[in-house]
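Trainee: Chains as they are written, first to last, in the working numbering: chain A, -15 to 378; chain B, 13 to 268.
Below: one structure in structure tokens.
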Amino acid sequence: MDVLLSPLAGLQMDFGALPQQLVNGILIGSIYALIALGYTMVYGVLRLINFAHGEVFMIGCYAALFTSWAMGFTATGMQAAKPPTSNIVTLLIMLFVSMAVCSLVGVTIERFAYRPMRNQSRIASLITAIGVSLLLQFGGQLFLPPLQQNIQAEVNPFRDTISLTLRQAPASLKQEFKTASLAQKAAEERLAELAPPGALTSELSPEALEVRERLSELTIKSNSLRAQVNDASVFVVIQKGKLIMFAAALVLMIILRHIVLKTATGRAMRAVNHDFQSASLMGVNVNRVITYTFMIGSALAGAGAMMNSTFEGTAITPFAGVALGVKAFVAAVLGGIGNIPGAVLGGILMGVAESLVVWVGLSGYKDAIAFVILIVILLFRPGGLLGSSAVEKV
Amino acid sequence: MTTPLLSLDEATIKFGGLTAVNKVSFDIERGDLFGLIGPNGAGKTTCFNLITGVYKPTSGKILFKGSEIGGTPPNRIAEKGICRTFQNIRLFPSLSVVENVMVGAFLRHKTNIFSAFLYLPGAIRETEQFRAQAMALLEVVDLADVALARAADLPYGKQRRLEIARAMATQPDLLLLDEPAAGMNPQEKEELHLVVRRIRDEFQKTVLLIEHDMRFVMGLCEKIVVLDHGEEIAAGPPEAIRNDPKVIEAYLGEAV
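Below you can see the structure in the form of structure tokens.
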């Protein structure tokens, strides 16, 4: 029993840190949501789990990386006498290239791997999807740079943070800390006057020894007061780049919503979603709708890939799409696969759940928790949170 | 002699050992109100599936405006000008009534997805134009007042009429109606009768319909083909069909 519960021994719940963790969760959740949308859209029109979607994401990461290299942001480029500087245009170019490359890859996969299997049994398509996924992972190992890569931090020009204070520490406490730190500073200066830096204890005058003694007491006091001030106040620190990432993800979701609800292609997608055959009999070119679906879903993965590797700084390997792909897939199922708002909700929930696991001090279990949540929710709502339940009228 | 609009020439389809439609031939001229009748399992809906490209005929020809269409993909056939409704209603349930009709106009869209999400004027104009056309069709089937409701929320009779409007949105030359009056009460049937006539007379469409209700078919159609066990057993105007001993036998069994 002790062994079983041992992970729980480290549980901690610092409520002051909760807002920060929630914000982190929502930010990364927006990336999960972008990827989950690709799974859910393809499932909607084809009833196919596109297992290669994670690899489309991985290719998007490399597309963003290579674009940044092409613009001079390599390790050596940053050491140069005049290193390149980044601005919003740099980011937009990377975003555009990544989205375009992913669209192309997604459409190609559909055309050459899934379309020939369209009239075969569902399981054949599923195995094809797993095959494409493995092909891209190990093909990536052959042809892509061997080591794990990171996009240079300098590519993100918005590295400064903004801090939001949610609750101030009591003024008296802050005043006390201020006095203590001033006294500490004064003692430091006095000591510097009395003894040259690097002097040995034996060389110090009695007065200097006394000041040194007082300084160490003052340091301890001011440090403890600083900790008290931090504990008593609640604040959230966000990097500006991540806010931009979140805003961009929202804009993309709004554009998607517009396409799906307001355009002819979107109407056709929803029609195909309900009834492939009768849509076709009403003159809808189902192949074209499917191509558009892969194009849009993959472009969203490309945007997620570029933003995740630039703003979150996640390392890029040919297997980068595996864990993230699985998480996004779980998010899509959680929200109700085939349901577009569901994918967004599932993605955000997934991000928040993960950061809550980190918050209670179980960061080692971060990836496992996704599946625990999935199992629990599917036990109670088999169709996912926003999905229709499988009960059919008879 | 002009080419018929649709012409089946010994159209046959076999599923394994079962011949569902066996050497059926008939011609439909422009402007016909044509009925296809027969007992359950006679192969009427299978005939529709052959004409609309759901199935490819095993042998025989299907000519539309003089050219072979057997085995063409369904959406291409819809583009050529044949559209249909379904025996078991197959609307897009979560789309609104007017959106269901607008899906039927998809094949006439010229602007692409990019101009649509960039709000280019052409795309907006096109969408507005299709919406207006869809509303006009809803007027014809008397559904304009529920245009924004979800299709799934309509009562049964209205769903049937919506299917007709959706098929009409593809602007077909030939409209196929699969048991349009099934499950309707006498008053709804009366209204449907008028709608079908209006589609033929006002919109100059040719209509081919499958129907079980004899009174409905006899009162509406000018030419009728009778199928039984996949075979054509009679063809002609309603009066001739009514008195044809083979038809009576097929419907009532042998002891007549």
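Quick reminder that beta carbons are idealized off the backbone N, C-alpha and C, glycines included.
Excluding sequence positions up to five away, which residues of its chain have a Cβ less than 7 angstroms from the Cβ of B:Ala68?
Mentor: Taking the first residue of the second sequence as 1, we reach residue 68 of chain B at position 56. The question names Ala, yet the displayed sequence has Lys at residue 68 of chain B. Result list for B:Lys68: Gly82, Gly83, in chain order.
Trainee: Can you say whether A:Val235 is buried or exposed, counting buried as having 16 or more other CB atoms within 10 angstroms of its CB?
Mentor: Translated into the one-based positions of the first sequence, residue 235 of chain A becomes position 251. It counts as exposed.
Trainee: State the DSSP-derived secondary structure class of B:Ala247, mapped to helix, strand or coil.
Mentor: Numbered from 1 along the second sequence, position 235 holds the residue referred to as residue 247 of chain B. B:Ala247: strand per DSSP, three-state reduction.
Trainee: For the pair the stretch 285 to 300 of chain A and the stretch 35 to 49 of chain A, tell me if three or more CB-CB distances fall below 8 angstroms.
Mentor: Contact holds: three or more Cβ-Cβ distances are below 8 angstroms.
Trainee: Identify whether B:Ile8 lies in helix, strand or coil by the three-state DSSP scheme.
Mentor: Examination of residue 8 of chain B is not possible in this model, given that chain B is present from 13 through 268 alone.
Trainee: Comparing alpha-carbon positions, which option in A:Ala84, A:Trp343, A:Leu193, A:Leu166 lies nearest A:Leu178?
Mentor: Taking the first residue of the first sequence as position 1, residue 178 of chain A is located at position 194. Nearest of A:Ala84, A:Trp343, A:Leu193, A:Leu166 to A:Leu178, Cα basis: A:Leu193.
Trainee: Quick one: grab the DSSP three-state call for A:Val189.
Mentor: Along the first sequence, read from residue 1 onward, the residue named residue 189 of chain A stands at position 205. The question names Val, but residue 189 of chain A in the sequence shown is Ser. DSSP places A:Ser189 in coil when its eight states are reduced to three.
Trainee: Check each residue of the stretch 287 to 299 of chain A: if its Cβ is closer than 9 angstroms to any Cβ of chain B, include it; give the result in chain order.
Mentor: Listed in sequence order: no entries.
Trainee: Report yes or no: is there a C-beta of chain B within less than 9 angstroms of the C-beta of A:Asp(-2)?
Mentor: For the purposes of this step, residue -2 of chain A is taken as the residue at position 14 of the first sequence. Not an interface residue.
Trainee: Going by DSSP, which residues form a beta bridge with A:Thr149?
Mentor: Start at 1 with the first residue of the first sequence, and residue 149 of chain A comes out as number 165. Paired residue(s): A:Phe219.
Trainee: So does the stretch 52 to 70 of chain B actually touch the stretch 27 to 43 of chain B, counting three or more Cβ pairs closer than 8 angstroms?
Mentor: A contact exists between the stretch 52 to 70 of chain B and the stretch 27 to 43 of chain B.
Trainee: Quick one: what does DSSP say B:Thr218 is sitting in, helix, strand or coil?
Mentor: Counting from one through the second sequence, the residue named residue 218 of chain B turns up at place 206. Strand at B:Thr218.
Trainee: Identify whether B:Asp185 lies in helix, strand or coil by the three-state DSSP scheme.
Mentor: Looking up residue 185 of chain B in the second sequence gives position 173. Coil at B:Asp185, not helix or strand.
Trainee: Please classify A:Glu376 as buried or exposed, where buried requires at least 16 neighbouring CB atoms within 10 angstroms.
Mentor: Numbered from its first residue, the first sequence carries residue 376 of chain A at position 392. Residue confidence is low: A:Glu376 scores 42 on pLDDT, short of 50, so the model does not pin down where it sits. Its coordinate-derived value is still stated next. Exposed, by the Cβ-count rule.
Trainee: Among the residues of its own chain, which have a CB less than 6 angstroms from the CB of A:Met229, if the five just before and after it don't count?
Mentor: Translated into the one-based positions of the first sequence, residue 229 of chain A becomes position 245. Closer than 6 angstroms at the Cβ level, and outside the excluded window around A:Met229, lie Met291, Phe295.
Trainee: Let me know the secondary structure DSSP gives A:Gln104 once reduced to three states.
Mentor: Position 120 of the first sequence, counted from the first residue, corresponds to residue 104 of chain A. In this structure, A:Gln104 counts as coil in the three-state DSSP scheme.
Trainee: Considering only C-alpha positions, which residue in the set A:Pro141, A:Arg95, A:Val356 is nearest to A:Asn271?
Mentor: Taking the first sequence and counting its residues from 1, the one referred to as residue 271 of chain A is at position 287. The residue with the shortest Cα to Cα distance from A:Asn271 is A:Arg95.
Trainee: Mapping DSSP to helix, strand and coil, what is B:Arg203?
Mentor: Start at 1 with the first residue of the second sequence, and residue 203 of chain B comes out as number 191. Per the sequence shown, residue 203 of chain B should be read as Glu rather than Arg. Helix.
Trainee: Under 9 angstroms between the Cβ atoms of B:Gly200 and B:Gly231?
Mentor: By 1-based counting over the second sequence, the position of residue 200 of chain B is 188. By 1-based counting over the second sequence, the position of residue 231 of chain B is 219. Note that residue 200 of chain B is Glu in the sequence shown here, rather than Gly. No. Outside cutoff.
Trainee: Specify, as a first and last residue, the run of the beta strand (DSSP E) that B:Glu22 falls within.
Mentor: Numbered from its first residue, the second sequence carries residue 22 of chain B at position 10. First-last of the beta strand (DSSP E) with B:Glu22: 18 to 27.
Trainee: Starting from B:Asn87, find everything on chain A with Cβ-Cβ shorter than 7 angstroms and list it in chain order.
Mentor: Translated into the one-based positions of the second sequence, residue 87 of chain B becomes position 75. Neighbours of B:Asn87 on chain A, chain order: Ser264, Gly267, Val268, Asn269, Val270.
Trainee: Would you verify that the beta carbon of B:Ala177 is, or is not, closer than 9 angstroms to some beta carbon of chain A?
Mentor: Start at 1 with the first residue of the second sequence, and residue 177 of chain B comes out as number 165. By this cut-off, B:Ala177 is not an interface position.
Trainee: Given that a residue counts as buried once 16 or more other Cβ atoms are within 10 Å of its Cβ, and exposed if not, what is B:Ala267?
Mentor: Position 255 of the second sequence, counting from 1, holds the residue named residue 267 of chain B. Because the pLDDT at B:Ala267 is just 43, under 50, the model does not fix this residue reliably, and the point stays unresolved.
Trainee: Just the Cα atoms here: how many angstroms apart are B:Val208 and B:Pro133?
Mentor: Translated into positions along the second sequence, residue 208 of chain B becomes position 196. Translated into positions along the second sequence, residue 133 of chain B becomes position 121. Roughly 36 angstroms between the two C-alpha positions.
Trainee: Roughly how many whole angstroms lie between the Cα atoms of B:Leu174 and A:Ile10?
Mentor: Numbered from its first residue, the second sequence carries residue 174 of chain B at position 162. Numbered from its first residue, the first sequence carries residue 10 of chain A at position 26. If I take the Cα positions, the gap works out to 43 angstroms.
Trainee: Quick one: is B:His205 near chain A, going by C-beta distance under 9 angstroms?
Mentor: Within the second sequence, numbered from 1, the residue matching residue 205 of chain B stands at position 193. Output row for B:His205: interface = no.
Trainee: Between the Cα of A:Tyr276 and the Cα atoms of A:Ala287, A:Leu150, A:Val256, which residue gives the shortest distance?
Mentor: Sequence index remark: in the first sequence, residue 276 of chain A carries index 292 (1-based). It is A:Val256 whose Cα lies nearest to the Cα of A:Tyr276.
Trainee: What are the uninterrupted segments assigned as alpha helix (DSSP H) that are 4 or more residues long and contained completely in the stretch 108 to 162 of chain B, given in chain order?
Mentor: Taking only runs of at least 4 residues, the alpha helix (DSSP H) segments lying wholly in the stretch 108 to 162 of chain B are 109 to 116, 125 to 129, 133 to 152.
Trainee: Can you give me, in chain order, the residues of the stretch 92 to 107 of chain A that have a beta carbon less than 7 angstroms from any beta carbon in chain B?
Mentor: Listed in sequence order: no entries.
Trainee: From the beta carbon of A:Ala252, is the nearest beta carbon of chain B less than 9 angstroms away?
Mentor: Translated into positions along the first sequence, residue 252 of chain A becomes position 268. Yes, A:Ala252 lies at the interface with chain B (some Cβ there is under 9 angstroms from its Cβ).
Trainee: DSSP state of B:Lys35, grouped into three classes?
Mentor: By 1-based counting over the second sequence, the position of residue 35 of chain B is 23. Correct three-state label for B:Lys35: strand.
Trainee: According to the Cβ coordinates, are A:Ala211 and A:Arg151 closer than 9 angstroms?
Mentor: Residue numbering aside, residue 211 of chain A sits at position 227 when the first sequence is read from its first letter. Residue numbering aside, residue 151 of chain A sits at position 167 when the first sequence is read from its first letter. In this structure, A:Arg151 does not lie closer than 9 angstroms to A:Ala211 by Cβ.
Trainee: I need the boundaries of the beta strand (DSSP E) containing A:Leu75, first residue and last residue.
Mentor: In the first sequence, residue 75 of chain A corresponds to position 91, counting from 1. Careful: A:Leu75 lies outside any beta strand (DSSP E), inside the alpha helix (DSSP H) at 72 to 93.
Trainee: So, using beta-carbon positions, are A:Ala232 and A:Ile19 closer together than 9 angstroms?
Mentor: By 1-based counting over the first sequence, the position of residue 232 of chain A is 248. By 1-based counting over the first sequence, the position of residue 19 of chain A is 35. For A:Ala232 and A:Ile19, no; Cβs fall outside 9 angstroms.
Trainee: Nearest to B:Thr24 by CA position, among B:Glu243, B:Leu187, B:Leu206, is which residue?
Mentor: Against the second sequence, residue 24 of chain B aligns to sequence position 12. With distances taken between Cα atoms, B:Thr24 lies closest to B:Glu243.
Trainee: Could you tell me which of B:Phe98, B:His121, B:Gln216 sits nearest to B:Glu91, measuring between CA atoms?
Mentor: Numbered from 1 along the second sequence, position 79 holds the residue referred to as residue 91 of chain B. Ranking B:Phe98, B:His121, B:Gln216 by Cα distance to B:Glu91 puts B:His121 first.
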